[in-house]
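Mapping of the sequence shown onto the UniProt record's numbering: position 61 corresponds to residue 61, and the numbering continues sequentially without gaps. We put the beta carbon where it would ideally sit given N, CA and C, even for glycine.
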Amino acid sequence: MVLFFTSTVTCPPTSLYMGKDKFENEVLLKYGDELDVWFHVDKLSSAHVYLRLQEDMKWEEIPKTLLEDIGQLTKANSIEGNKKQTVTIIYTPWSNVKKTGDLATGAVQFHNDRIVRRHHIAAKDNAILNRLNKTKREELVDHEAVRQERERAKGRERKEVAVKERNAKLAEQRARQEAKASQDYSNPRAKAQEEKEKSAAGDDAERIGVREEQSEEEDAGSEGSFM
């Protein structure tokens, strides 16, 4: 079973979740997502709490109010940590959490210790815990089905991006070809356009000439009538 919580200190609200016991924690470690950030009480046993990052959120820039929510929830779900006044919460991207066969159930290591961060919890905050617990729900999750659907969704997103990039590239190529063709007078279409423009200019000149001749004849006729 997986326990889900919702933090309302962000807009939109942020989803948090954790395993109900150490065995479920093992499953969550296996089926985590690249958008997940893993939280744990430092140097003590505790629940493995996960934050599902929103699209515009970076794990290094998690708002302090949200860190406090997650820290309080993690501390409260540690038998030893909940008894202490102050604790330190460690967190890192799920992809940095390493699990090997020789580790005990629920125990983990890190691929890179340098990207593990810490958040200090000064004291228990019942107001935060009460708010989070009101959103608590327990669900039986088919992790493999969720993983497969997540991969399909990512595949659709990658396909949409690829199609957009290809269409943009084709449009750019067409624009360059049309620009080149408009300057290439050996091109039949461009040459025909040029001849059409020249013919129109000749017709205009001829019409101007006819009007000038007619004007001269009219002027000559006018002069005779006064003589």
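Asked, Found
"Could you check whether the segment 72-79 touches the segment 95-107, counting it as contact only if at least three pairs of C-beta atoms, one from each stretch, sit closer than 8 angstroms?", "no"
"Hey, would you say Leu28 sits closer than 8 angstroms to Arg52, going by beta carbons?", "no"
"Where Ala107 and Tyr17 are concerned, what is the direct C-alpha to C-alpha distance, given to the nearest angstrom?", "18 angstroms"
"Between the segment 37-48 and the segment 166-177, are three or more C-beta pairs nearer than 8 angstroms?", "no"
"Measuring only the C-alpha atoms, how far is Thr6 from Asp125?", "17 angstroms"
"Using 8 angstroms as the Cβ pair cut-off and three pairs as the minimum, do the segment 41-50 and the segment 75-89 touch?", "yes"
"Who does residue 228 pair with in a DSSP beta bridge?", "Since the first residue shown for the chain is 1 and the last is 227, residue 228 is missing from the structure and cannot be characterised."
"Taking the straight line between their C-alpha atoms, what separation do you get for Glu138 and Leu132?", "13 angstroms"
"DSSP on Gln183, reduced to helix/strand/coil?", "helix"
"Check this for me: beta carbons of Val2 and Val141, under 8 angstroms apart or not?", "yes"
"Just curious, the beta strand (DSSP E) that Leu3 is in, first and last residue?", "Val2 to Ser7"
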